[in-house]
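> In terms of the working numbering, the sequence shown opens at residue 152 and continues consecutively.
Every residue gets a Cβ at the ideal spot worked out from N, C-alpha and C, and that includes glycine.
Remember, it's a predicted structure, so these values are computed and weren't measured experimentally.
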Amino acid sequence: MAEEYGVFATTPTASETQAARLFRRFTMSGVVPPGGVDGGEGLEVTADGTSAVTVGTGYCIAGGYWYRNTSPLQVPITANASGMPRMDLLVVRADPAADECSLEWLVGTPGSGDAPAPTRTSDDIWEEPLAVLTLPAGATSAGPGSVAMARNFSAAGGAVVDLDGAGHDTLPPGGLRLASDGRLLVRDGSGVDRLVAHTGYPTAWQPLTLRSGYQQASSGHAPAWRWDAPGLVRLRGTITRSNGQPLPTGDYVATVPAAIRPSAFVRYVCPAHATGPGWSVRGEIRPTAATNPGQLVIWHQYSPEWMALDGWTYPI
152 MAEEYGVFAT
162 TPTASETQAA
172 RLFRRFTMSG
182 VVPPGGVDGG
192 EGLEVTADGT
202 SAVTVGTGYC
212 IAGGYWYRNT
222 SPLQVPITAN
232 ASGMPRMDLL
242 VVRADPAADE
252 CSLEWLVGTP
262 GSGDAPAPTR
272 TSDDIWEEPL
282 AVLTLPAGAT
292 SAGPGSVAMA
302 RNFSAAGGAV
312 VDLDGAGHDT
322 LPPGGLRLAS
332 DGRLLVRDGS
342 GVDRLVAHTG
352 YPTAWQPLTL
362 RSGYQQASSG
372 HAPAWRWDAP
382 GLVRLRGTIT
392 RSNGQPLPTG
402 DYVATVPAAI
412 RPSAFVRYVC
422 PAHATGPGWS
432 VRGEIRPTAA
442 TNPGQLVIWH
452 QYSPEWMALD
462 GWTYPI
């Protein structure tokens, strides 16, 4: 029969492979993130120097099938009898022929430097990776630090959460991934993850400490800075002299924190009070390698009573 369809009372959608294909359309394969419904510990894998690793509690979707572990269990390793190091992959295997999901080792090739790739067949075996175990030559036990988690994470809807920072190797075109550093990415048709937004940016405003003799003007924001994006700083705020006198030219009004000092001189035309022929001042931040790094200096040819940092954005 060339056609399949459902879900109707007379169609064979109770077949495990047909049901799994249907479920794969709605839920990404991978481990349910820790803390979620039935998430438990996220099937965390640890080693303590014995001949077995410990798999924590958790829940996993493997190609439309599901696996749940409600109590930590020991999974024996396969000793490395060779004279070269070996990398093994621990997977959750969904096997329709066996009618079960189970934890299985994919034993690597000694000296290859890579762990085996999981098998993923739409109507047969589907393996979801949990961890890579690196065994030195002749090793019969798994020492602490020998395990590296290699999970995909699953999501019932929205973006797949990438808690380990390892990405998701079966995310389809158009799929969303929330990276561990807060970036939201979408996978394009060529399999490349493109930045959509960075949920960690912009950051909250942080106060900019002014030099003695300067203060916030009576109007406008308090002098402050924030990250607009990684490596991109924004300033705001209005500055005046504490004694009410005009701002002198060539003077510095603040020293920006070391974290936001640029690698080269950055300059900006800043709005200012107009008491003569000018309406602005030139702002300049001295770079990290210069004398007096981080000083925010202003230049002008008239006598402004205040100046504003609003809108000044620069890369570090």
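Who are the near neighbours of G234 in its chain, counting only those whose CB is closer than 6 Å to its CB and skipping five residues on each side?
The answer, listed in chain order, is A288.
> Is the region 420-439 close to the region 342-356, with three or more CB pairs under 8 Å?
No contact exists between the region 420-439 and the region 342-356.
> For R244, write down the residues that DSSP places opposite it in a beta bridge.
In DSSP, R244 forms a bridge with S253 and E278.
> Give me the Cβ distance between I467 and I411, rounded to the nearest whole Å; I'm assuming they're in contact under 8 Å.
Going by Cβ atoms, the distance from I467 to I411 rounds to 6 Å, so yes, they are a contact pair.
> Once the 5 residues before and after E167 are set aside, which same chain residues still bring their CB inside 8 Å of it?
Hits under 8 Å: Y216, P247 and D250.
> With DSSP run on the structure shown, which of helix, strand or coil describes L314?
Here L314 sits in coil by DSSP.
> When you compare the CB positions of F304 and G209, do they come within less than 8 Å of one another, or not?
Not closer than 8 Å, so no.
> Look at the Cβ atom of A284, then the Cβ atom of A310, and state whether they are nearer than 8 Å.
At residue 284 the sequence reads Leu, which differs from the Ala that was named. No; because the gap between Cβ atoms is not below 8 Å, this pair is not in contact.
> On the three-state DSSP scale, how would you describe Y453?
Reduced to three states, the DSSP call for Y453 is coil.
> Report buried or exposed for V420, applying the criterion of at least 16 other Cβ atoms within 10 angstroms of its Cβ.
Classification of V420: exposed, given that the 10 Å Cβ count is below 16.
> With H, G and I counted as helix, E and B as strand and the rest as coil, what does DSSP make of I467?
If DSSP states are grouped into helix, strand and coil, I467 belongs with coil.
> In the DSSP assignment, find the unbroken beta strand (DSSP E) run with R377 in it and report its ends.
Unbroken beta strand (DSSP E) run through R377: A375 to A380.
> Identify whether A266 lies in helix, strand or coil by the three-state DSSP scheme.
Reduced to three states, the DSSP call for A266 is coil.
> In the DSSP assignment, what are the bridge partners of T174?
The sequence given here has Phe at residue 174, not Thr. In DSSP, F174 forms no bridge with anything.
> Among V206, M179 and S202, which has the Cα closest to the Cα of A230?
Residue S202 is the option with its Cα nearest to A230.
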